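Some notes on the structure that comes next.
Number of protein chains: 2
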Amino acid sequence: MVQQSQPGAARERVLAVALDLFARHGVNGTSLQMIADEIGVTKAAVYHQFHTKDEIVRAVAAPAFERLYRITEEAERKRRRSERAETILAGIVDLVVDNRRLSAVLQTDPAVTHIVRARPEMQDLERRITTLLAGPDPDDDLLLGTVMVSGGLMNVATDPRLAGFDDERLRRHLLSVARRLIRLRPPPAPKEEPQVT
Amino acid sequence: MVQQSQPGAARERVLAVALDLFARHGVNGTSLQMIADEIGVTKAAVYHQFHTKDEIVRAVAAPAFERLYRITEEAERKRRRSERAETILAGIVDLVVDNRRLSAVLQTDPAVTHIVRARPEMQDLERRITTLLAGPDPDDDLLLGTVMVSGGLMNVATDPRLAGFDDERLRRHLLSVARRLIRLRPPPAPKEEPQVT
DNA sequence: GTCTATATATGGATAGAC
DNA sequence: GTCTATCCATATATAGAC
Numbered sequence: 003m004v005q006q007s008q009p010g011a012a013r014e015r016v017l018a019v020a021l022d023l024f025a026r027h028g029v030n031g032t033s034l035q036m037i038a039d040e041i042g043v044t045k046a047a048v049y050h051q052f053h054t055k056d057e058i059v060r061a062v063a064a065p066a067f068e069r070l071y072r073i074t075e076e077a078e079r080k081r082r083r084s085e086r087a088e089t090i091l092a093g094i095v096d097l098v099v100d101n102r103r104l105s106a107v108l109q110t111d112p113a114v115t116h117i118v119r120a121r122p123e124m125q126d127l128e129r130r131i132t133t134l135l136a137g138p139d140p141d142d143d144l145l146l147g148t149v150m151v152s153g154g155l156m157n158v159a160t161d162p163r164l165a166g167f168d169d170e171r172l173r174r175h176l177l178s179v180a181r182r183l184i185r186l187r188p189p190p191a192p193k194e195e196p197q198v199t
Numbered sequence: 003m004v005q006q007s008q009p010g011a012a013r014e015r016v017l018a019v020a021l022d023l024f025a026r027h028g029v030n031g032t033s034l035q036m037i038a039d040e041i042g043v044t045k046a047a048v049y050h051q052f053h054t055k056d057e058i059v060r061a062v063a064a065p066a067f068e069r070l071y072r073i074t075e076e077a078e079r080k081r082r083r084s085e086r087a088e089t090i091l092a093g094i095v096d097l098v099v100d101n102r103r104l105s106a107v108l109q110t111d112p113a114v115t116h117i118v119r120a121r122p123e124m125q126d127l128e129r130r131i132t133t134l135l136a137g138p139d140p141d142d143d144l145l146l147g148t149v150m151v152s153g154g155l156m157n158v159a160t161d162p163r164l165a166g167f168d169d170e171r172l173r174r175h176l177l178s179v180a181r182r183l184i185r186l187r188p189p190p191a192p193k194e195e196p197q198v199t
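Just so you know, the protein sequences line up as chains A and B, in that order. Using our numbering, the letters of the first sequence correspond one by one to residues 3 to 199. Using our numbering, the letters of the second sequence correspond one by one to residues 3 to 199.
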């Protein structure tokens, strides 16, 4: 086994292995022993990096949620509703495509829900994203499309039937399908005047 | 505590409580102790009904999968592709609406995936459903829409943002959104006017 | 940073009384 | 059908040596 001597390398190794195991077995189905075994160290070595299991879960999830937060802030600065929706949608699709395995874990794992998403600022973030996607007063179909986008995109990314899609192909079709779900017209090409909805 | 004296009542009580806990904490996050506590009996009493935890999981999931199997068989007997897709889609939507909480567990819980969905006949069933929805040779957009339907419907059913939808309202909009995703025209309804996408 | 060893709690599961 | 009591494995977590 090659020794990792860069600073923080051991920490990153734990996070990478943890993510892989979380995606396969769920957070509650993954023990610290499994993580340690996969790396080839003991549990105590893992505990040297993270003092609790929750800490590992938060560290695995943190980068994605921080990115989601930044995308949300950016989208909220746009003036028109279509711009806001397009920005948050494209941002989420990019995020999902860049973190295919992570997405499903963050979206559906009950442990993640309890540890990360239950926090008030997370619930607030999810509410803001819903508003960005659906606008302030959506009808039933639009609301349901929005729910399916915010929940379904993550599932789709990990589905084995789409394993053969490379990132660019997955991104393009995810965007296309998601836009239809929230009745969003594709944005105008650069250098053109925006069209009125 | 009222004694349940009907035959099979204790068994049904375990299944109902287990489903509720599975939906909230996931299968791996639910211990037999939690199930027993929720009912107000001891672990041993639960073990009298089910000899292993896997057995409980299978018993919780079984009715939904049997119903899914019957719907699939029925859909495959239809002659036209649109009829097959409409039958399986409407059947799945009904199934999801009738079992809102169960759906997400069955679809996304890693323990369920390992215990139930990993079985060859289950994988075969899921493959047949994909073919029913998408046809034999789907393009990228249709395949992705199909994946989103088969994965996303279940998520949608449990989303708190749709908690206020009654069954009929949820069913109607799920069908509408799902049909758009797989580019399926609504069937000629007896008293409803067909919608144009 | 990693190890051995251990503390403590809880998990699934069984035996046998009532 | 339900109980108490118990077995054994594994879980998270900590202490202290190297």
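Don't be surprised by glycine CBs; every beta carbon is placed ideally from N, CA and C. Please read these numbers as outputs of a predicted model, since none were measured by experiment.
- [ ] Below 8 Å CB to CB, which residues in the same chain sit around alanine 113(B) once its five sequence neighbours on both sides are set aside?
- [x] Gly28, Val29, Asn30, Val59
- [ ] Taking 8 Å as the cut-off, decide whether the C-beta atoms of histidine 50(A) and aspartate 143(B) are in contact.
- [x] no
Open item on the list: Taking its Cβ as the centre, do 16 or more other Cβ atoms sit within 10 Å of glutamine 8(A), making it buried, or is it exposed?
Closed with: Glutamine 8(A) is exposed by the Cβ-count criterion.
Task: 8 Å Cβ cutoff, aspartate 143(A) in contact with chain B - done: yes
TODO: Please confirm if the region 38-52 of chain B is in contact with the region 96-110 of chain B, defined as three or more CB-CB distances below 8 Å between the two stretches.
DONE: no
Task: Proximal chain B residues relative to serine 178(A), where beta-carbon distance stays under 7 Å - done: Asp143
Task: Exposure label - arginine 187(A); buried when at least 16 CB within 10 Å - done: Flag for arginine 187(A) reads exposed.
- [ ] Label threonine 54(B) either buried or exposed according to how many other C-beta atoms from any shown protein chain fall within 10 Å of its C-beta, with 16 as the threshold for buried.
- [x] Using a 10 angstroms sphere on the CB of threonine 54(B), the tally of other CB atoms stays under 16, which defines it as exposed.
Open item on the list: I'd like to know whether the C-beta of threonine 132(B) is nearer than 8 Å to at least one C-beta of chain A.
Closed with: yes
TODO: Classify isoleucine 90(B) as helix, strand or coil using the three-state DSSP reduction.
DONE: helix
Task: Spatial neighbours of alanine 25(A) in its chain, beta-carbon cut-off 6 Å, leaving aside the 5 residues before and after - done: Arg103, Val107
Task: Assumed close pair valine 149(B), leucine 155(A) - CB separation to whole angstroms, cut-off 8 Å - done: Not really, about 11 Å apart at Cβ, beyond 8 Å.
- [ ] Pull out every residue of the region 149-162 of chain A whose Cβ sits closer than 7 Å to any Cβ of chain B, in chain order.
- [x] Val149, Met150, Gly153, Gly154, Asn157, Val158, Asp161
TODO: List the residues of chain B whose Cβ lies closer than 8 Å to the Cβ of threonine 74(A), in chain order.
DONE: Chain B residues near threonine 74(A): none, gap ~17 Å exceeds 8 Å.
Task: Any C-beta of chain A under 8 Å from that of alanine 77(B) - done: no
Open item on the list: Rounded to whole angstroms, what is the Cα-Cα separation between leucine 183(B) and valine 151(B)?
Closed with: Using only the alpha carbons, I get a separation of about 7 Å.
TODO: Give the residues of chain A in contact with glutamate 147(B), contact being defined as C-beta atoms less than 8 Å apart.
DONE: The sequence as given places glycine at residue 147(B); glutamate does not occur at that position. The contacting residues are Val179.
- [ ] If I'm right that glycine 153(B) touches aspartate 96(A) with Cβ under 8 Å, what's the distance once you round it to whole angstroms?
- [x] With a Cβ gap of about 20 Å, glycine 153(B) and aspartate 96(A) do not count as contacting.
Task: Test: arginine 187(A) CB closer than 8 Å to a CB of chain B - done: no
- [ ] Would you mind listing the alpha helix (DSSP H) stretches within the region 69-122 of chain A that are 4+ residues and don't spill past its ends, in chain order?
- [x] 83-100, 102-110
Open item on the list: Count Cβ pairs between the region 115-122 of chain B and the region 59-69 of chain B that sit closer than 8 Å; are there 3 or more?
Closed with: yes
Open item on the list: Am I right that leucine 134(B) and alanine 87(B) are in contact with their C-beta atoms under 8 Å? What's the rounded C-beta distance?
Closed with: 6 Å
Task: Beta-carbon neighbours of threonine 89(A), restricted to chain B and to distances below 8 Å - done: By Cβ distance, chain B contributes nothing, its closest Cβ being about 21 Å from threonine 89(A), past 8 Å.
- [ ] Please state if the CB of glutamate 40(A) and the CB of leucine 23(A) are separated by a distance shorter than 8 Å.
- [x] yes
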